[in-house]
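Numbering-wise, the working numbering puts 332 at position 332 of the sequence shown, and it's gapless, one number per residue.
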Amino acid sequence: MRVLNFSAGPSTLPLEVLNEAKDELLSYKNNGYSIMEISHRTKIFEEVHFGAMEDVKKLYALNDDYEILFLQGGASLQFAMVPMNLNMGGVCEYANTGVWTKKAIKEAKILEVNLNIAASSENDNFSYIPDVKFNDESDYAYICSNNTIYGTQYTSYPKTKAPLVVDASSDFFSKKIDFSNVALFYGGTQKNAGISGLACVIIRKDMLERSSTKKLPSMLKYSVHSENQSLFNTPPSFAIYMFALEMKWLLRQGGLDKINEQNEKKAKMLYECIDNSEGFYSGFAKKEDRSLMNVSFKTKNADLDALFVKEAEQNSMIGLKGHRLLGGLRASIYNAISLDNVKTLCDFMNEFKLKHS
Ligand SMILES: *Cc1c(COP(=O)(O)O)cnc(C)c1O
């Protein structure tokens, strides 16, 4: 019996994907071994690996200016790899919109790059997306497209001529993106594209040229991974396999426009439930900047929040406790959560409200 899982990450996977993995676990494509048990230098694994890269390109409609890398170290290693590889001695600019950009800024500081915080919403506990004007001449301009904890999201990316770097961990593959000035787009896959252990990095080739000029340990160098087609060392093969299944699932859903349509409906339903609760529930993020992925909200007090989490669990709904930094409640409604699932949550919320008003 499966529960309804609103966890922020790792998070719910499509049931179809889990069943495919289950069916193939002991004998991948009737070969008599699991995909976990075979060399990454075999044709069988290469088909999974390169097939997934092709599917990423298909889903985001990427041209040949971009390359896909599969790396380890989660999204967090990218906080360091970005400044290591892309800083050219000029200014590295960041828009600070929450915990994940703060962590990225911290790594850039350790690396002693020429840092500029071009905008921040820290003055109001990161409840909104600040306007930002990046310098067109900077080495790169860094944003986090969706702020997992606070539930804010960019509706469109800042315009700049500088290479834009985007941490898209928590809205990965949730909608089409205008890549026109995006130079590096990355995420850990455990939120909206598979399981933990893998970071997928979409990198523009001129950034690889920058990387190749750097004196860095091989494993920390984008150009090394590119030259080796992300098979420099043993990759996290099971995570790549799960990611590949997820990409196929996304294509079967009709691609990212279809997925986005669903995501908009889901978010609308849940925010309406909050907004129409006569103040019983209140949302955290400023309305214009609300995330379609992570809905952070609360009831009137912490005790009632705790009771909400408890009663939700009794109704087979988990993962609704807010992040420890923000408190309150949070429902993560990534791609694998259906409109029906959100309706179940809203029905529960309405009942809970009637019972405890
Ligand atoms: C979860 C998250 C991260 C950190 O991911 P790890 O894979 O645990 O390193 C970074 N950025 C965002 C936006 C996230 O949601």
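Glycine included, C-beta positions come from ideal geometry on N, C-alpha and C.
Would you say Ser196 and Ile259 are within 8 angstroms of each other, going by their C-beta atoms?
-> Their beta carbons are not under 8 angstroms apart, which means Ser196 does not touch Ile259 by this criterion.
Quick one: using the 10 Å Cβ neighbour count with 16 as the cut-off for buried, is Ile202 buried or exposed?
-> The residue in question, Ile202, is buried, as its Cβ has 16 or more Cβ neighbours within 10 Å.
Between which two residues does the alpha helix (DSSP H) containing Glu122 stretch?
-> Unbroken run through Glu122: none, as it is neither H nor E.
Rounded to the nearest angstrom, how far is the Cβ of Ala141 from that of Pro158, given a contact under 8 angstroms?
-> About 7 angstroms; that satisfies the 8 angstroms criterion.
Start-end ranges of the beta strand (DSSP E) lying completely within the segment 194–232, minimum 3 residues = If we require 3 residues or more, the beta strand (DSSP E) runs fully inside the segment 194–232 come out as 199–204.
Endpoints, the beta strand (DSSP E) within which Ser296 is located = That run of the beta strand (DSSP E) goes Asn294 to Lys298.
Arg252: first and last residue of the uninterrupted beta strand (DSSP E) it sits in = Looking at the DSSP string, Arg252 is not in any beta strand (DSSP E); the run it does join, the alpha helix (DSSP H), is Ser237 to Arg252.
Could you spell out where the beta strand (DSSP E) holding Leu69 opens and where it closes?
-> For Leu69, the enclosing beta strand (DSSP E) has its first and last residue at Tyr66 to Leu71.
Could you spell out the range, first to last residue, of the alpha helix (DSSP H) harbouring Tyr60?
-> Unbroken alpha helix (DSSP H) run through Tyr60: Lys43 to Tyr60.
Could you tell me whether the Cβ atoms of Gly319 and Asn5 are closer together than 8 angstroms?
-> Taking C-beta atoms as the reference points, Gly319 and Asn5 count as a pair closer than 8 angstroms.
Tell me which same chain residues have a C-beta within less than 6 angstroms of the C-beta of Arg204, skipping the five on either side of it?
-> Excluding positions up to five away in sequence, the list reads Asp65, Tyr66 and Ala183.
Which word fits Leu69, buried or exposed, when buried means at least 16 other C-beta atoms lie within 10 angstroms of its C-beta?
-> Residue environment analysis places Leu69 among the buried positions, since at least 16 neighbouring C-beta atoms fall within 10 angstroms of its C-beta.
Between Leu250 and Leu59, is the Cβ-Cβ spacing less than 8 angstroms?
-> Closer than 8 angstroms, so yes.
Find the nearest neighbour of Ser170 within the set Gly151, Phe348 and Lys106, judged by alpha-carbon distance.
-> Comparing Cα positions, the closest option is Gly151.
Which residue's Cα is closest to the Cα of Gly327: Leu26, Leu339, Asp340 and Asn301?
-> Nearest of Leu26, Leu339, Asp340 and Asn301 to Gly327, Cα basis: Asn301.
Determine the contact status of Val132 and Ala95, defining contact as a CB-CB distance below 8 angstroms.
-> For Val132 and Ala95, yes; Cβs fall inside 8 angstroms.
Bridge partners of Val91, per DSSP?
-> DSSP lists Asn114 as partners of Val91.
Starting from the C-beta of Gly283, find all residues in its chain whose C-beta is less than 8 angstroms away, skip the five residues before and the five after it, and write them out in chain order.
-> Beyond the five residues adjoining it in sequence on each side, Gly283 comes within less than 8 angstroms, by CB distance, of Gly151, Tyr271, Ile274, Asp275, Arg290, Val295, Ser296 and Phe297 in the same chain, given in chain order.
May I ask whether a heavy atom of ligand 1 can be found less than 7 angstroms away from the beta carbon of Gly360?
-> An answer regarding residue 360 cannot be provided, because it is not within the stretch 1 to 357 covered by the chain.
Keeping to the same chain, check which residues put their C-beta closer than 7 angstroms to that of Asn341; ignore five residues upstream and five downstream.
-> Here the set comprises Leu4.
Return the residue from the list Lys43, Met81 and Glu46 that minimises the CA-CA distance to Ala199.
-> The shortest C-alpha to C-alpha distance from Ala199 to any of Lys43, Met81 and Glu46 is the one to Met81.
Completely contained beta strand (DSSP E) runs for the segment 123–172, where each covers 3 or more residues = As far as the segment 123–172 is concerned, its whole beta strand (DSSP E) runs of at least 3 residues are 140–144 and 164–167.
Contact check, Val224 vs Ser218, beta carbons under 8 angstroms | In contact: Val224 and Ser218 (Cβ atoms closer than 8 angstroms).
Going by C-alpha distance, which of Ile38, Ile177, Glu313 and Met349 is nearest Leu256?
-> Relative to Leu256, the option among Ile38, Ile177, Glu313 and Met349 whose CA is nearest is Ile177.
Are the segment 225–244 and the segment 96–110 touching, with three or more C-beta to C-beta distances below 8 angstroms?
-> Short answer: they don't touch.
Between Val113 and Cys144, is the Cβ-Cβ spacing less than 8 angstroms?
-> Not in contact: Val113 and Cys144 (Cβ atoms no closer than 8 angstroms).
Out of Ile333, Leu304 and Lys321, state which residue places its alpha-carbon closest to the alpha-carbon of Leu354.
-> Leu354 has its Cα closest to that of Leu304, out of Ile333, Leu304 and Lys321.
Environment of Asn233 [buried if 16+ CB atoms lie within 10 Å] | Counting Cβ neighbours within 10 Å, Asn233 comes out exposed, since fewer than 16 surround it.
What do you get for Arg41, buried or exposed, if any count of 16 or more other CB atoms within 10 angstroms of its CB means buried?
-> Its Cβ having fewer than 16 others within 10 Å, Arg41 is exposed.
Starting from Phe6, follow the beta strand (DSSP E) in both directions and report where the run begins and ends.
-> In the DSSP assignment, Phe6 falls outside any beta strand (DSSP E), carrying neither H nor E.
Determine the closest residue to Lys191 out of Leu18, Asn350, Asn335 and Asp55, with distance taken between C-alpha atoms.
-> Ranking Leu18, Asn350, Asn335 and Asp55 by Cα distance to Lys191 puts Asn335 first.
Excluding sequence positions up to five away, which residues of its chain have a Cβ less than 6 angstroms from the Cβ of Ile117?
-> The residues Tyr94 and Asn96, in chain order, have a CB closer than 6 angstroms to that of Ile117 in the same chain once the five nearest residues on each side in sequence are set aside.
By DSSP, does Ile274 sit in helix, in strand, or in coil?
-> Here Ile274 sits in helix by DSSP.
Which class does Asn31 belong to by DSSP, given the choice of helix, strand or coil?
-> Secondary structure of Asn31 (DSSP, three-state): coil.
Have a look at Lys161, Asn125 and Ala193 and flag the residue whose alpha-carbon is nearest the alpha-carbon of Leu13.
-> Closest option to Leu13, Cα to Cα, is Ala193.
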